[in-house]
Amino acid sequence: MLWNKLVQNYNRINKREFMLILLLFAILIFIESMNLLTTIGDAMIGAILYMLSIFTAYRFGYLGIFVSVSLNLAGIIKLFLVYQDRLKVHYLFTITYMISTIIASIIIGHFIEKNILFKQLLIDKSNTDHLTQLNNFSSFKSNFTNEIELSKIKNTKLGLMILDIDNFKQINDQYGHHIGDSVLKKIADNIADSTRENDKAFRYGGDEFAIIINESTKEICKNIYDRIQKQTPLTILDDGRELNFDISLSAGYAEYPSNGKDETDLFKSADSALYKIKNKYKNDIEYA
Numbered sequence: 003m004l005w006n007k008l009v010q011n012y013n014r015i016n017k018r019e020f021m022l023i024l025l026l027f028a029i030l031i032f033i034e035s036m037n038l039l040t041t042i043g044d045a046m047i048g049a050i051l052y053m054l055s056i057f058t059a060y061r062f063g064y065l066g067i068f069v070s071v072s073l074n075l076a077g078i079i080k081l082f083l084v085y086q087d088r089l090k091v092h093y094l095f096t097i098t099y100m101i102s103t104i105i106a107s108i109i110i111g112h113f114i115e116k117n118i119l120f121k122q123l124l125i126d127k128s129n130t131d132h133l134t135q136l137n138n139f140s141s142f143k144s145n146f147t148n149e150i151e152l153s154k155i156k157n158t159k160l161g162l163m164i165l166d167i168d169n170f171k172q173i174n175d176q177y178g179h180h181i182g183d184s185v186l187k188k189i190a191d192n193i194a195d196s197t198r199e200n201d202k203a204f205r206y207g208g209d210e211f212a213i214i215i216n217e218s219t220k221e222i223c224k225n226i227y228d229r230i231q232k233q234t235p236l237t238i239l240d241d242g243r244e245l246n247f248d249i250s251l252s253a254g255y256a257e258y259p260s261n262g263k264d265e266t267d268l269f270k271s272a273d274s275a276l277y278k279i280k281n282k283y284k285n286d287i288e289y290a
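Last residue of the sequence shown: 290 (our numbering), numbering continuous.
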């Protein structure tokens, strides 16, 4: 668990800045180990190391705590091993200083991690549809723009599939909105289960969903659509009774860059394809 947190921290941080901090630690420790400084010089190096340890915990969270605790523990062990027979007040003060650095680093680093986690929870909540737990409309716009920019950089294709539940209004009218909401939840779960790890699914609005498909082809899109369709016969429990629905979905698919050079054109292409299939016979996918 600790290792996973350290890896997550390392993937999140500015690695160049982290390496620079480690280099600065190494230089300061090397200077201190040369025993060429006066007592005042040693005190200055110790104070700089203290501030650097606190800053590292503040800047890098759990990873900073790990670095700070490891270096200060190593310093304490070194003092005991080298000076165990002649520990003076100066060295005892240094050990106390290092212990206080460890405690301060743990407190500050832990607080920073909790703060980051809280901010991330707020971001996730603002980007999540409360009913289906898929990404919501506002996050779709920002994600769509970012994914197209990434596809331009990587020179890869990007697919957009827009799905619409056929005759959904009839379900709401006949059984009520609470059953309609249950159907939306089930469909959303099916979509989440049917997409790949690097794809992103959204509730676009009402009974419409969107899937951003990375490194896409028509075959990949069709496979995702078929997996969703296979799970659409639904059973909803309502006050002890089973309601069975044979749901179908219509879908429109467009691909960057062949069907649009930016997010506006690509969305229009996918939406037009959906409109075509809805006006033909539904329950199928149309390619732009």
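Ideal placement from N, C-alpha and C gives every residue a C-beta, glycine not left out.
Computed from a prediction, not measured in an experiment: that's the story for all the values here.
Item	Value
Runs of beta strand (DSSP E) lying entirely within the region 169-240, each at least 3 residues, in chain order	202-207, 210-216, 235-240
Validate contact between the region 249-265 and the region 143-153 using beta carbons, cut 8 angstroms, 3 pairs	yes
Burial state of Tyr321 (16 or more Cβ within 10 Å)	The chain is shown only over 3 to 290; residue 321 falls outside these bounds and no answer can be derived.
Length-filtered (4 minimum) alpha helix (DSSP H) runs lying within the region 241-289	265-282
Met163 - containing beta strand (DSSP E), residue span	160-167
C-beta contact flag for Ile167 and Leu236 at 8 angstroms	no
Local conformation of Thr134 per DSSP, three classes	coil
N-terminal and C-terminal residue of the alpha helix (DSSP H) that Met21 is part of	17-35
Anticipated Cβ contact below 8 angstroms, Thr183 with Leu133, distance rounded	First, the residue type needs correcting, since residue 183 is Asp and not Thr in the sequence shown. So it is a contact: roughly 6 angstroms between Cβ atoms.
Coarse secondary structure for Asn148, derived from DSSP in three states	helix
Straight-line Cα distance separating Lys156 from Asp195	27 angstroms
Helix, strand or coil at Asn157 [DSSP, three-state]	coil
Cα-Cα separation between Ala212 and Leu160, rounded to whole angstroms	13 angstroms
Option in Thr130, Met100, Arg61 with minimal Cα separation from Ile118	Arg61
Cβ-Cβ separation, Ala290 to Ser274 (assumed contact under 8 angstroms), whole Å	7 angstroms
Test item: CB-CB of Leu162 and Ile214 under 8 angstroms	yes
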